[in-house]
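There are 2 protein chains.
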Amino acid sequence: MSTLKTHTIETTPKPLSEIHHEIAGYAKALGHPARVAILRLLIECGDCMCGNIVSRIPLAQATVSQHLKVLKDAGLIRGEIDPPRVCYCVNPEAVKQLKKLISSL
Amino acid sequence: MSTLKTHTIETTPKPLSEIHHEIAGYAKALGHPARVAILRLLIECGDCMCGNIVSRIPLAQATVSQHLKVLKDAGLIRGEIDPPRVCYCVNPEAVKQLKKLISSL
DNA sequence: CGAGTTCATCGTATATTGACGATGGACGAT
DNA sequence: ATCGTCCATCGTCAATATACGATGAACTCG
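Structure follows, in structure tokens:
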């Protein structure tokens, strides 16, 4: 947990290696077609029950759940419990940041 | 086909799974900080001898060479032989495509 | 030719990923 | 309390990724 500080403008410019790590983190999370599919699904749906996702991705429920966890750990999506379901949705900030990082490559 | 590849309706729209695969391919290649560092180095330098890259990345020569191969296989960079050196440079088209794909997420 | 340089590839060891079935926890409904 | 649903997690296996030293190919120069 080195830096979960502000994402706003800072006096000390973020060190390069940190930026590389940040980009790599997002990229790694998107480095699998199933996860790209899931993210796009969530972007389109707005939000989506896990079950819906499972039924749309040709993978076992356990596998989809793992991919969801990877996306969640990367910060790209969020899961809100809405018993007895879990409602997943995009984290718009993270996606925005991802786009910004990539576009400023 | 395409002098101008619009995002509008096409006779054969690229299947979703293919786009997912394309994005995932680029993302996977960028899914390691060292490779992000290398790519940015090349973007800044214009082009760069392999030796220069090795000296700037704190990894063994063999490891850097492997990372270069990953980036090359993903199409993001190119290596031109300029004996006895190899001069690496970015593939601007691929980077552009990457940016486009991500920004249209 | 022989020596030196530059880089890719091989071989290898360890770590991580991807996929699945099975299990278990939390909850609503009966 | 018991059942069924929804989902995360565990355990496991095969496959892939990461890192390195060692080797070898290709080239230049003396």
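Residue numbers (the numbering used here), protein chains in the order written: chain L, -19 to 85; chain R, -19 to 85. All C-beta atoms in this analysis are idealised placements derived from N, C-alpha and C, irrespective of residue type, glycine included.
Asked                                                                                                                   : Found
Chain-ordered neighbours of R:K8 on chain L, where CB pairs are closer than 7 Å                                         : G11
Completely contained alpha helix (DSSP H) runs for the stretch 6 to 49 of chain L, where each covers 4 or more residues : 13 to 25 and 30 to 36
For L:L22 and L:P72, the rounded distance between their alpha carbons                                                   : 11 Å
The stretch -8 to 11 of chain L in contact with the stretch 23 to 35 of chain L per 3-pair CB rule at 8 Å               : no
Member of L:R36, L:S45, L:Q46 and L:V70 whose CA lies at the smallest distance from the CA of L:L56                     : L:V70
L:L78 burial status per 10 Å Cβ neighbour count (16 or more: buried)                                                    : buried
Rounded separation between R:S45 and L:R36 - CA only                                                                    : 39 Å
L:P13 beta carbon less than 8 Å from that of R:S83                                                                      : no
Closer than 8 Å to chain R by CB, L:K79                                                                                 : yes
R:H0 and L:V16 closer than 8 Å at C-beta                                                                                : yes
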